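Chemist:
Residue numbers (my numbering), protein chains in the order written: chain G, 4 to 283; chain C, 1265 to 1531.
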């Protein structure tokens, strides 16, 4: 082989790679992959139904009773608005927590000095239970919405910050040098290299924090709100209405799944450049 | 290759020291050489001979402890931003941005220079087509082979039309067949553009194939010998013989090299 052979000799291989990478998952394949989850949830529902036959309906109401409660909630706006309000609180709280976590996260990712000082504080805040934040919120604020937002932010922002810090630090040195070698400004290096590189981690942090957010908001609403799923759960508990409690819980989980699906769609759009195997 | 007299790159008695566990480590020691306009030189040398440090000094990523470095008449460290778009580099690996298509990757350098989208895409498309990637403008890096990725990185650098091009082991991460192909394409472009180029390489055959002049680096970071490839060819030597001459220079440049060998010698 000569040192100088003209013409791209490797296009055929690349063409095959490109073809393989563009293969999309069919609906049938999606169903096949979801099958184990459907079976597992079906078994769980079957066990619940079975126990409802033998145990008191106060402890384990039948699936039909839970279904009736769910139908009543979604068809009555007075009830449904509790779910909507909780959903909005989750999104607003997580949005604020993300913005608040982004700044220290990026700074810690770039600066070891800042990381050294901020990390212990974030670990400390992260270690405080949600219930403690509820107590602090009740003592510090009077407006219920402020209380809930405060609790949501305090429970989730350290997680955002630590996720982002780790992602910024994980940006390959090769790419940082690339920006430097092309004399990119600091802003361009961040905008064109760092930000796209950490986008997958940002989306993952949202995915993780959606679960945290749901747990935090319900705890906050238990004590601080007159409208919301947490408040409805408290009411169901005081009325010994397990069917309602289960219905609110299931609707909350369904709402979380909707949020996750929307997040997956956003991820699919933002990360469409990824090979199929690396997408969720 | 026609070269004019003016030196675009000049190293003059450059020393670069690094602190290492309380000690001072000298990576470059009295490095002097120049590269004239339109000239293609290759730097060869064993690991630790100061090639990478010289490259970083040339790019302005680090500043000399003593001596001076001049690129296009400017101190590349002190006047780093003034060399934007005037000095280009092709790295050992393509370093493409995974989230950008070939076209957007090739346009990256121009984007950093503030060139508008339409113009930078036109220029990038032209370079990609010249490098045989016209059908892969919208392909992402993971959809390309190693050779194609390196071609995109070459297009990215050529698109900014640098006055000085540095190729840092640009073919060493490729298999031999692909490397030969990419090397030939790059050489065609360099011939056409009459671009001043510095190749850093471990491969002696590659240095002879690509460069007009080969600088043999030795520890601790200075030019041990210089080989004018065109002159040697004019004297009737084959490329294989020229390679042997350079290898002799490299052999003499080991860690235990003679002190006399520190002075730049003509092979």
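Where is the CB? At the ideal position from N, CA and C, for every residue including glycine. If you're wondering where the values come from, they're calculated on a predicted model, not measured in any experiment.
Please state the DSSP three-state secondary structure of residue 24(G).
Modeler: Taking the first chain and counting its residues from 1, the one referred to as residue 24(G) is at position 21. Per-residue confidence for residue 24(G) stands at a pLDDT of 47, beneath the threshold of 50, marking its modelled position as unreliable; no derived number is given.
Chemist: Tell me whether the beta-carbon of residue 1502(C) lies closer than 8 Å to the beta-carbon of residue 1303(C).
Modeler: The residue given as residue 1502(C) occupies position 238 in the second chain. The residue given as residue 1303(C) occupies position 39 in the second chain. Their beta carbons are not under 8 Å apart, which means residue 1502(C) does not touch residue 1303(C) by this criterion.
Chemist: Please state whether DSSP places residue 189(G) in a helix, a strand or coil.
Modeler: Reading the first chain from its first residue, position 186 is the one you call residue 189(G). In the structure shown, residue 189(G) sits in a helix (DSSP, three-state: H, G or I).
Chemist: Tell me the DSSP secondary structure of residue 174(G) in three-state form.
Modeler: Along the first chain, one-based indexing puts residue 174(G) at 171. Here residue 174(G) sits in coil by DSSP.
Chemist: Which of helix, strand or coil does DSSP assign to residue 127(G)?
Modeler: As a working mapping, residue 127(G) is identified with position 124 in the first chain. Helix.
Chemist: Inspect the beta-carbon positions of residue 1392(C) and residue 1419(C) and report whether they are closer than 8 Å.
Modeler: Residue numbering aside, residue 1392(C) sits at position 128 when the second chain is read from its first letter. Residue numbering aside, residue 1419(C) sits at position 155 when the second chain is read from its first letter. Closer than 8 Å, so yes.
Chemist: Rounded to the nearest angstrom, how far is the Cβ of residue 1430(C) from that of residue 1353(C), given a contact under 8 Å?
Modeler: Counted from its first residue, the second chain places residue 1430(C) at position 166. Counted from its first residue, the second chain places residue 1353(C) at position 89. Confirmed, Cβ separation roughly 5 Å.
Chemist: By the three-class DSSP mapping on this structure, what secondary structure does residue 1388(C) have?
Modeler: As a working mapping, residue 1388(C) is identified with position 124 in the second chain. It is helical.
Chemist: Is it right to say residue 224(G) is buried, meaning 16 or more other beta carbons lie within 10 angstroms of its own, or is it exposed?
Modeler: Position 221 of the first chain, counting from 1, holds the residue named residue 224(G). Buried, by the Cβ-count rule.
Chemist: Apart from the five residues just before and just after residue 1330(C), which ones in its own chain have a Cβ nearer than 6 Å to its Cβ?
Modeler: Locating residue 1330(C) in the second chain gives position 66, where the first residue counts as 1. 1279, listed in sequence order.
Chemist: How is residue 1427(C) classed by DSSP in three states: helix, strand or coil?
Modeler: Mapped onto the second chain, residue 1427(C) falls at position 163. Note: residue 1427(C) maps to coil in three-state DSSP.
Chemist: Kindly list the residues whose CB is nearer than 8 Å to the CB of residue 61(G), restricted to its own chain and excluding five residues on each side of it in sequence; keep chain order.
Modeler: Mapped onto the first chain, residue 61(G) falls at position 58. Excluding sequence neighbours, residue 61(G) sits near 243, 245.
Chemist: Going by Cα to Cα distance, which pick from 1324(C), 1311(C), 1289(C), 1282(C) is closest to residue 1273(C)?
Modeler: The residue labelled residue 1273(C) in the question sits at position 9 within the second chain. Nearest option by C-alpha distance: 1324(C).
Chemist: For residue 1475(C), is the classification buried or exposed, using 16 other Cβ atoms within 10 angstroms of its Cβ as the cut-off for buried?
Modeler: Position 211 of the second chain holds residue 1475(C). It counts as buried.
Chemist: Among 240(G), 220(G), 197(G), 127(G), whose alpha-carbon lies nearest the alpha-carbon of residue 3(G)?
Modeler: Here chain G covers residues 4 to 283 and nothing more, so residue 3(G) does not appear.
Chemist: Beta carbons nearer than 7 Å to chain B: which residues of the segment 251 to 278 of chain G have them?
Modeler: Given the protein chain composition of this structure (G and C), no chain B is represented.
Chemist: In terms of residues, what are the limits of the alpha helix (DSSP H) holding residue 1(G)?
Modeler: Residue 1(G) lies beyond the stretch modelled for chain G, which goes from 4 to 283, so this question has no answer here.
Chemist: Residue 1446(C) and residue 1510(C): beta carbons closer than 8 Å?
Modeler: Your numbering for residue 1446(C) matches position 182 in the second chain. Your numbering for residue 1510(C) matches position 246 in the second chain. Contact: no.
Chemist: Could you tell me whether any Cβ in chain G is nearer than 8 Å to the Cβ of residue 1363(C)?
Modeler: The residue given as residue 1363(C) occupies position 99 in the second chain. Chain G contact via Cβ: present.
Chemist: Just curious, the alpha helix (DSSP H) that residue 272(G) is in, first and last residue?
Modeler: As a working note, residue 272(G) is residue 269 in the first chain. Its alpha helix (DSSP H) spans residues 245 to 273.
Chemist: Does the segment 117 to 136 of chain G come close enough to the segment 59 to 78 of chain G that 3 or more CB-CB pairs lie under 8 Å?
Modeler: Not touching, per the Cβ criterion.
Chemist: CA-CA distance, residue 1345(C) and residue 1512(C)?
Modeler: The residue labelled residue 1345(C) in the question sits at position 81 within the second chain. The residue labelled residue 1512(C) in the question sits at position 248 within the second chain. Whole-angstrom Cα-Cα distance: 40 Å.
Chemist: Should residue 1480(C) and residue 1308(C) be called a contact, given that it needs their Cβ atoms to be closer than 8 Å?
Modeler: Reading the second chain from its first residue, position 216 is the one you call residue 1480(C). Reading the second chain from its first residue, position 44 is the one you call residue 1308(C). Contact: yes.
Chemist: Look up residue 1467(C) in the DSSP assignment and say whether it is helix, strand or coil.
Modeler: Within the second chain, the letter at position 203 stands for residue 1467(C). Three-state DSSP puts residue 1467(C) in coil, outside helix and strand.
Chemist: Quick one: which chain C residues come within Cβ less than 8 Å of residue 179(G)?
Modeler: Locating residue 179(G) in the first chain gives position 176, where the first residue counts as 1. Here the premise fails: no neighbours, minimum Cβ distance about 10 Å.
Chemist: Considering Cα atoms alone, identify which of 1312(C), 1284(C), 1289(C), 1287(C) is closest to residue 1514(C).
Modeler: One-based indexing of the second chain puts residue 1514(C) at position 250. Residue 1312(C) is the option with its Cα nearest to residue 1514(C).
Chemist: If you check the beta carbons only, do residue 128(G) and residue 161(G) fall under 8 Å apart?
Modeler: Position 125 of the first chain, counted from the start, is the residue given in the question as residue 128(G). Position 158 of the first chain, counted from the start, is the residue given in the question as residue 161(G). Taking 8 Å as the Cβ cut-off, residue 128(G) and residue 161(G) qualify as a contacting pair.
Chemist: Return the Cβ separation of residue 1359(C) and residue 1417(C) in integer angstroms, given the expectation that the two are a contact with Cβ distance under 8 Å.
Modeler: Numbered from 1 along the second chain, position 95 holds the residue referred to as residue 1359(C). Numbered from 1 along the second chain, position 153 holds the residue referred to as residue 1417(C). Indeed they touch by this definition, with Cβ atoms about 6 Å apart.
Chemist: Pairs of beta-carbons, one from the segment 266 to 277 of chain G and one from the segment 88 to 104 of chain G, closer than 8 Å: are there three or more?
Modeler: The segment 266 to 277 of chain G is not in contact with the segment 88 to 104 of chain G.
Chemist: Using only the alpha-carbon positions, how far apart do residue 241(G) and residue 173(G) sit?
Modeler: Looking up residue 241(G) in the first chain gives position 238. Looking up residue 173(G) in the first chain gives position 170. Straight-line Cα distance between these residues: approximately 49 Å.
Chemist: Since residue 199(G) meets chain C, which of its residues come closer than 9 Å, beta carbon to beta carbon?
Modeler: The residue given as residue 199(G) occupies position 196 in the first chain. Within 9 Å Cβ-Cβ: 1361, 1362, 1363, 1364.
Chemist: I'd like to know if the segment 186 to 196 of chain G and the segment 34 to 47 of chain G are in contact, where contact means that at least 3 CB-CB pairs between them fall below 8 Å.
Modeler: They do not touch, by the three-pair rule.
Chemist: Run down chain C in chain order and give the residues with a C-beta less than 7 Å from the C-beta of residue 194(G).
Modeler: Translated into positions along the first chain, residue 194(G) becomes position 191. Going along chain C, no residue has its Cβ under 7 Å from residue 194(G), so there is no contact; the nearest lies around 10 Å.
Chemist: If you compare alpha carbons, which of 168(G), 153(G), 72(G), 150(G) is closest to residue 107(G)?
Modeler: The residue you call residue 107(G) lines up with position 104 of the first chain. Comparing Cα positions, the closest option is 168(G).
Chemist: Inspect the beta-carbon positions of residue 140(G) and residue 150(G) and report whether they are closer than 8 Å.
Modeler: Position 137 of the first chain, counting from 1, holds the residue named residue 140(G). Position 147 of the first chain, counting from 1, holds the residue named residue 150(G). Yes, they are a contact pair.
Chemist: Does DSSP put residue 154(G) in a helix, a strand or coil?
Modeler: Within the first chain, residue 154(G) is the residue found at index 151, counting from 1. Looking at residue 154(G) - three-state DSSP - the assignment turns out to be helix.
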